[in-house]
Structures are given as structure tokens and as C-alpha cells.
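Enquirer: Submitted below is the structure of interest, expressed as C-alpha cells.
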Amino acid sequence: MITVLLFAELQEATGRERIEVEVNDMSVSELKDWMKRKYSLPQIDRVMTAVNEEYALPTDRVKSGDVVAFIPPVSGG
Amino acid sequence: MITVLLFAELQEATGRERIEVEVNDMSVSELKDWMKRKYSLPQIDRVMTAVNEEYALPTDRVKSGDVVAFIPPVSGG
Amino acid sequence: MDKKLFEIVEDPIQMEEVIEKVTRREAGAITTFLGTVREWTNGRKTIYLEYQAYKPMAIKMLAQIGEEVEGKWKDTKIAITHRIGHLHISDIAVAIAVSSPHRKAAYEANEYAIERIKQIVPIWKKEHWEDGETWIGDQLEKISYPNGSPNIERG
Amino acid sequence: MDKKLFEIVEDPIQMEEVIEKVTRREAGAITTFLGTVREWTNGRKTIYLEYQAYKPMAIKMLAQIGEEVEGKWKDTKIAITHRIGHLHISDIAVAIAVSSPHRKAAYEANEYAIERIKQIVPIWKKEHWEDGETWIGDQLEKISYPNGSPNIERG
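Written as C-alpha cells, this is what we have:
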């Protein structure tokens, strides 16, 4: 099981802050594609991904127990 | 009569903060030369001069009632 | 690196406290940057802002910026506090303090830090305008990830 | 120009007060610079410093720097407080705050102001070292009047 965290516009688009996904061992880009279809999130294409609080590449693998956060363009400061 | 104000090293070299000089209408550089001889102040050559709180040129005239300040290299900040 | 140097808070930022964290006997210069809530942006009036953070990762990224700064500018020390939640006009959203023996480094390191905050720290701002609301991202401001700059480091 | 924006004081500088003077609804960025008393300079240990000012002219010159800044960087507002008298290690000698709608101008204007203070404001620092004392001028630090820069303006 993977925990997915959603913030800002993604949180509002889905109405969810946190989603548990019943998959094991997929790539970040496969997970994004799955999220895009399942929650109708075209904007996820321009979103960074963090795995366990570190920025990740599209080819990085996500495994059971990981916490994946989708990071829309940041606007702090 | 001209009032001369002295600061920092000039104040310590002369032991004076303020000198009344009994002259009228001389140039800034003439006043400096006079100060240099009278108080043995060779360092006055590298000092700026302010007349009535504005920086002045060596050729500016100083008249009775003016307040002349000798401004050693500044080191604020 | 002292964890308290990098904080995400919900209460008003006390500038003096952030400055104190970097004050040192060997420092002759301290620069600070305060990001405050501006009333007008591109002709639209802001009523208030809402900041959200992915808090544990945001603190990590602030600490990473601190390491970058102290690597690039020798003998600097930096502290950063970012506030989240509901902010009004003129409230301080972020405070950065840098101390250094000499002033040039203190200015440069401070400006570098705010640029990096705007690139890599997972914090989001929602503008509540007079006539609507929007999460701010690259569609309205500058592109947030120029040249893919969040420096992904491989473990 | 508000006279209180430019002050020479003898008591400790309260940073928050200087910042408050430039805080405005239209500002999104406030930079500050604090010049603090450093313990070591070129291998010599400072015990304390003594600052002296030609006070009325120093305030005038600070105000002139303010005009220069606000002329060069549109929509900036600046406040400067310089402390004189007896200062110890880590005490704040000078505080500069600049507010601006955008951060770039706030950094640039702030750095310009401290450079100008070191050129034209009649304030002098006497270092009390472990082993002696000296009035600091161009013999020990940088030349104070590069290119005769005190901008003598003819009336």
C-alpha cells in the first residue's frame, strides 16, 4: 500500500488530502497516469513528485510503505 | 567670527571640540592652512570640510557666522 | 545543523527571534528579508492569503537551502521561518536572517535563499481576491521550476 | 521626507521599530541590514567601540541617502537609524530597512544605502582593542572618499 498526499489545487480538485493506493512497485510516472485517469487530474502532468520527502524522478520506483506527495508549482516566500 | 567644529582624531589632537576663529571671508583651503599651522595638524590635508552642514570645496568662501566642520574620513556603519 | 534554525509556524513571526538565532560575536553584518502580504498584485486587490505547507518536507528543504548557503558563502549562518495559515495584508509570510563577518556575503546569501525558497520548498499560497480565489502557481507567477531546478539528489 | 525616518540615537536600536517605519500595504518585500560590532578584525580583538557623530549633519546626510534611494528605486521606502556612543560586541551600530513592492529593489537599495553611509555620513568609529585604541579612517579600512564621492552639490 502506498500513501499519496495531495496539496493546494490537487487537494481541492479531488476533495482529498490523503489517499491510500493498493499497489506495489510502480514508477512515479505510472502512478501519475493512474491518478490522472482515476481522479481526472490533467494538471498532474506539471506537478513534481516527492517520495518519502525527497524530490523524485518519473522513472523512480514506488514501493509499498512509501509516502508519495504530489507537489504543485510552489509559491512560498 | 567663524565657528570651527572638530571631530574624532582632530578633536583629540587639539583637545578641542569647538574653536571660535576671529576671521572673516577666507577660503576653505586658507582656513585649513591656518588650522594646520596653528594647531600642528598635518592630517587636516586629507580631511573634508563642511560649511553649515554641507560638504564644501577648497575654493568655497567662509564668512562670519558660518559653522565650519572638519570631517575626517568617516567610518560609520 | 540546528533544526530550530528552519521553522514552519502558524503564529505571527517575531523578527527579533529570527535575528537572534544568527547573531554571533564574529558577525559584523546581518541581513534580513521579510516577505509581506501585498495588497495589490497586477491590478487585483488581495483580501487575505492562505498558505499551506507539506510541513516535514518544507523544513527539510529549508535546511537544505541552509546547507547550500553555508557551502557557497563561507562563515555565514542562516535562519528561515515561514508562516502558514491565514495571513492579512502586511503580515510577514517569511523571514530570512543571514549573519556574516562581512556584508557582501550577507546580502548575496540572503537573496539566494529567497530565490531557492520560491523554487524548492513545498509551500503554496492561495490568493483570496476581492473577486475570487486562486492557488498561485506557475500559471500566474513565474515558472516555479526553471530548468528543473529542484536539484533532485539521488541517494 | 519624514524626519523620523533618519535617526541618530544613543540607546539600543529596536529593529522592530525601524521595520515598522517602512511597512506599507503596497510592500511585498522588506530587507534590513544590521551592522553589528564584530569581535575580531584583521586578527585584532575588539573590546568595545566608541561612535561619534556630527549629529545634525549626519541626519541630513542620511536623509539625502534616502532621497537618492527613492529616486533610483521607484516605490521604495527607507529608514535608517545609527547608534552612537559606547557599543559592545554584537550590539547593533546601524539598522537600515527598505520596503518595496518587489524584492530585487529592496536588496539593491539596501546595499546602496550602507555603501553610501560609509562614504558620506559624518560618523566616526574608535576601536578599543585589547592592546590600544584608534580612530578608524582610510588609513585602516577602505578609502572613505573614493573618487571624491561625497557629491558636493552647489546651492
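Chains as they are written, first to last, in our numbering: chain C, 1 to 77; chain B, 78 to 154; chain F, 155 to 309; chain E, 310 to 464.
Just so it is clear, CB atoms sit at the ideal spot from N, CA and C, and this is done for glycine as well.
1) Quick check on I387(E) - is its C-beta less than 8 Å from some C-beta in chain A?
2) I need the boundaries of the alpha helix (DSSP H) containing Y97(F), first residue and last residue.
3) By the 10 Å Cβ neighbour count, where 16 or more other Cβ atoms means buried, how is P72(C) classified, buried or exposed?
4) V151(B) lies in the beta strand (DSSP E); which residues open and close that run?
5) Tell me whether L83(B) is buried or exposed, calling it buried when 16 or more other Cβ atoms sit within 10 Å of its Cβ.
6) Any chance the region 430 to 441 of chain E sits against the region 180 to 189 of chain F, with 3 or more Cβ pairs inside 8 Å?
7) Keeping to the same chain, check which residues put their C-beta closer than 8 Å to that of R257(F); ignore five residues upstream and five downstream.
8) Taking the alpha carbon of G239(F) as the point to measure from, which residue in K199(F), L203(F), G286(F) has its own alpha carbon closest?
9) Can you tell me the Cα-Cα spacing of A85(B) and W194(F), whole angstroms?
10) Of the residues G153(B), E94(B), T126(B), which one's Cα is nearest the Cα of K109(B)?
11) For V248(F) and G220(F), I'd like the C-alpha separation in whole angstroms.
12) Determine the direct distance from the alpha carbon of T288(F) to that of L41(C), and round the result to whole angstroms.
13) Excluding the 5 residues preceding and the 5 following R192(F) in the sequence, name in chain order all residues of the same chain whose CB lies nearer than 6 Å to its CB.
14) Take I167(F) and list the residues in its own chain whose beta-carbon comes closer than 6 Å to its own, dropping the five residues that flank it on each side.
15) For the beta strand (DSSP E) containing A388(E), name the first residue and the last one.
16) Cβ atoms of I317(E) and I368(E): under 8 Å apart, would you say?
17) Check each residue of the region 321 to 355 of chain E: if its Cβ is closer than 8 Å to any Cβ of chain B, include it; give the result in chain order.
18) Per DSSP, what kind of secondary structure is R192(F) in: helix, strand or coil?
19) What are the boundary residues of the beta strand (DSSP E) that includes R95(B)?
20) Determine, using beta carbons only, whether E222(F) and R270(F) come nearer to each other than 8 Å.
21) Please confirm whether W438(E) and T385(E) have their CB atoms less than 8 Å apart.
22) Buried or exposed for S409(E), going by 16 or more other Cβ atoms inside 10 Å?
23) DSSP on T80(B), reduced to helix/strand/coil?
24) What is the DSSP secondary structure of K272(F), counted as helix, strand or coil?
25) Within 8 Å of any Cβ in chain B, is that where the Cβ of W438(E) sits?
26) M169(F) to I274(F), Cα distance in whole Å?
27) Contact criterion: CB-CB distance below 8 Å. Does I154(F) meet it with respect to chain C?
28) Among residues of its own chain, excluding the 5 on either side of V331(E), which ones have a beta-carbon nearer than 7 Å to its beta-carbon?
29) Could you check if K312(E) is buried or exposed, using at least 16 other CB atoms within 10 Å of its CB as the buried criterion?
Expert: The structure says:
1) Looking for chain A here will not work: the only protein chains present are C, B, F and E.
2) The structure shown does not extend to residue 97(F), since chain F spans only 155 to 309, so no value can be given for it.
3) For this step, residue 72(C) is matched to residue 72 along the first sequence. By the neighbour-count rule (16 or more Cβ atoms within 10 Å), P72(C) is buried.
4) Working through the second sequence from its first residue, we reach residue 151(B) at position 74. The continuous stretches of beta strand (DSSP E) do not include V151(B), and DSSP gives it neither H nor E.
5) One-based indexing of the second sequence puts residue 83(B) at position 6. It is buried - the Cβ of L83(B) has at least 16 other Cβ atoms within 10 Å.
6) no
7) To locate residue 257(F), count along the third sequence from 1; it is residue 103. Contacts found: G182, A183, T185.
8) Your numbering for residue 239(F) matches position 85 in the third sequence. Of K199(F), L203(F), G286(F), the residue nearest in Cα terms is L203(F).
9) Mapped onto the second sequence, residue 85(B) falls at position 8. Mapped onto the third sequence, residue 194(F) falls at position 40. Spanning the two alpha carbons is a distance of roughly 48 Å.
10) Against the second sequence, residue 109(B) aligns to sequence position 32. Nearest C-alpha to K109(B): T126(B).
11) Position 94 of the third sequence, counted from the first residue, corresponds to residue 248(F). Position 66 of the third sequence, counted from the first residue, corresponds to residue 220(F). Each residue's alpha carbon lies about 15 Å from the other.
12) Against the first sequence, residue 41(C) aligns to sequence position 41. Against the third sequence, residue 288(F) aligns to sequence position 134. Those two C-alpha atoms are separated by around 17 Å.
13) Mapped onto the third sequence, residue 192(F) falls at position 38. Within the same chain, R192(F) has no close Cβ partners at all.
14) As a working note, residue 167(F) is residue 13 in the third sequence. Excluding positions up to five away in sequence, the list reads T235, R237, I246, A249.
15) Within the fourth sequence, numbered from 1, the residue matching residue 388(E) stands at position 79. If you look at A388(E), you'll find it in the beta strand (DSSP E) that goes 386 to 392.
16) Taking the first residue of the fourth sequence as position 1, residue 368(E) is located at position 59. Taking the first residue of the fourth sequence as position 1, residue 317(E) is located at position 8. Yes, the pair counts as a contact, with Cβ atoms nearer than the cut-off.
17) Residues of the region 321 to 355 of chain E whose Cβ lies closer than 8 Å to any Cβ of chain B, in chain order: G344.
18) One-based indexing of the third sequence puts residue 192(F) at position 38. The answer is coil: DSSP assigns R192(F) none of H, G, I, E or B.
19) For the purposes of this step, residue 95(B) is taken as residue 18 along the second sequence, with counting starting at 1. Where R95(B) is concerned, the enclosing beta strand (DSSP E) stretches over 95 to 98.
20) The sequence position of residue 222(F) within the third sequence is 68, counting from 1. The sequence position of residue 270(F) within the third sequence is 116, counting from 1. Cβ distance < 8 Å, so E222(F) and R270(F) count as in contact.
21) Against the fourth sequence, residue 438(E) aligns to sequence position 129. Against the fourth sequence, residue 385(E) aligns to sequence position 76. No, the pair does not count as a contact, with Cβ atoms beyond the cut-off.
22) Position 100 of the fourth sequence, counted from the start, is the residue given in the question as residue 409(E). S409(E) should be labelled buried.
23) In the second sequence, residue 80(B) corresponds to position 3, counting from 1. Three-state DSSP puts T80(B) in a strand.
24) Your numbering for residue 272(F) matches position 118 in the third sequence. Helix at K272(F).
25) In the fourth sequence, counting from the first residue as 1, residue 438(E) sits at position 129. It does not: the Cβ of W438(E) has no partner Cβ on chain B nearer than 8 Å.
26) The residue given as residue 169(F) occupies position 15 in the third sequence. The residue given as residue 274(F) occupies position 120 in the third sequence. C-alpha separation (whole angstroms): 23 Å.
27) Here chain F covers residues 155 to 309 and nothing more, so residue 154(F) does not appear.
28) In the fourth sequence, counting from the first residue as 1, residue 331(E) sits at position 22. So the qualifying residues of the chain are I339, K386, I387, A388, A406, V407, S408.
29) Numbered from its first residue, the fourth sequence carries residue 312(E) at position 3. Residue confidence is low: K312(E) scores 48 on pLDDT, short of 50, so the model does not pin down where it sits. Its coordinate-derived value is still stated next. K312(E) comes out exposed.
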